[in-house]
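For reference, the structure is listed below as structure tokens.
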Amino acid sequence: MKDQITYLPDNADRSVAKQKFKITNWPTYNKALINRGSITFWLDDEAIQAWYESATPSSRGRPQRYSDLAITTVLVIKRVFRLTLRAAQGFIDSIFSLMNVPLRCPDYSCVSRRAKSVNMALLQIVGGDKLIIPFC
Numbered sequence: 001m002k003d004q005i006t007y008l009p010d011n012a013d014r015s016v017a018k019q020k021f022k023i024t025n026w027p028t029y030n031k032a033l034i035n036r037g038s039i040t041f042w043l044d045d046e047a048i049q050a051w052y053e054s055a056t057p058s059s060r061g062r063p064q065r066y067s068d069l070a071i072t073t074v075l076v077i078k079r080v081f082r083l084t085l086r087a088a089q090g091f092i093d094s095i096f097s098l099m100n101v102p103l104r105c106p107d108y109s110c111v112s113r114r115a116k117s118v119n120m121a122l123l124q125i126v127g128g129d130k131l132i133i134p135f136c
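Each residue of the sequence shown is one higher than the one before, counting from 1 in the UniProt record's numbering.
And the structure:
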């Protein structure tokens with residue numbers, strides 16, 4: 001006796017349907033949708049003070065202008081927003097000007113050179129859609 005093979009008809013639903021929820025609180029739902037696009041940047045005074053390198057150089061050559069914190073910040077923002085180094089430089093400079101912070105973003109070539117020697121911070125997703133980037 002031959003093995004019987006069962007075929008599904010062409011119009012058979014092969015996937016499990018997504019469960020639909022009825023929205024009962026429209027104002028809260030609308031605010032949640034609006035807040036998806038919200039972005040907040042916060043710089044504390046310690047980060048502003050540590051942006052430029054303050055240590056005296058221990059070796060020959062030109063001293064570093066920017067701290068490892070500054071380089072790490074550019075690299076993390078580049079990765080989070082999927083930017084090129086030049087675009088990340090412009091993005092951070094525009095954030096500083098909007099915040100009236102007297103800082104400059106490191107040049108893209110400086111970031112590219114120093115990226116090999118800087119320890120990257122780990123990204124942590126906390127709560128709902130919040131992304132916390134610790135810089136230590």
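Glycine included, C-beta positions come from ideal geometry on N, C-alpha and C.
Residue i and residue j look like a contact to me (Cβ under 8 Å); what is the Cβ gap, rounded to whole Å?
i: CYS105; j: ILE92; result: 4 Å
i: ALA47; j: LEU69; result: 7 Å
Which residues in the same chain have their Cβ closer than 6 Å to the Cβ of residue i, if we skip the five residues on either side of it in sequence?
i: TYR108; result: LEU85, ARG86 and GLN89
i: TYR29; result: ILE23
Could you give the first and the last residue of the continuous alpha helix (DSSP H) run that contains residue i?
i: ASP68; result: 68-80
i: GLU46; result: 45-49
i: THR28; result: 26-35
i: LEU98; result: 85-98
i: ARG113; result: 108-114
Go through its chain and collect everything with a Cβ distance to residue i's Cβ below 8 Å, but skip five positions before and after it.
i: GLU53; result: PRO63, GLN64, ARG65, TYR66 and SER67
i: SER112; result: LEU85
i: ILE77; result: LEU83, ALA88, PHE91 and ILE92
Considering only their Cβ atoms, is the gap separating residue j from residue i smaller than 8 Å?
i: TRP51; j: LEU103; result: yes
i: ILE71; j: ALA115; result: yes
i: LEU43; j: VAL101; result: yes
i: PHE21; j: ILE95; result: no
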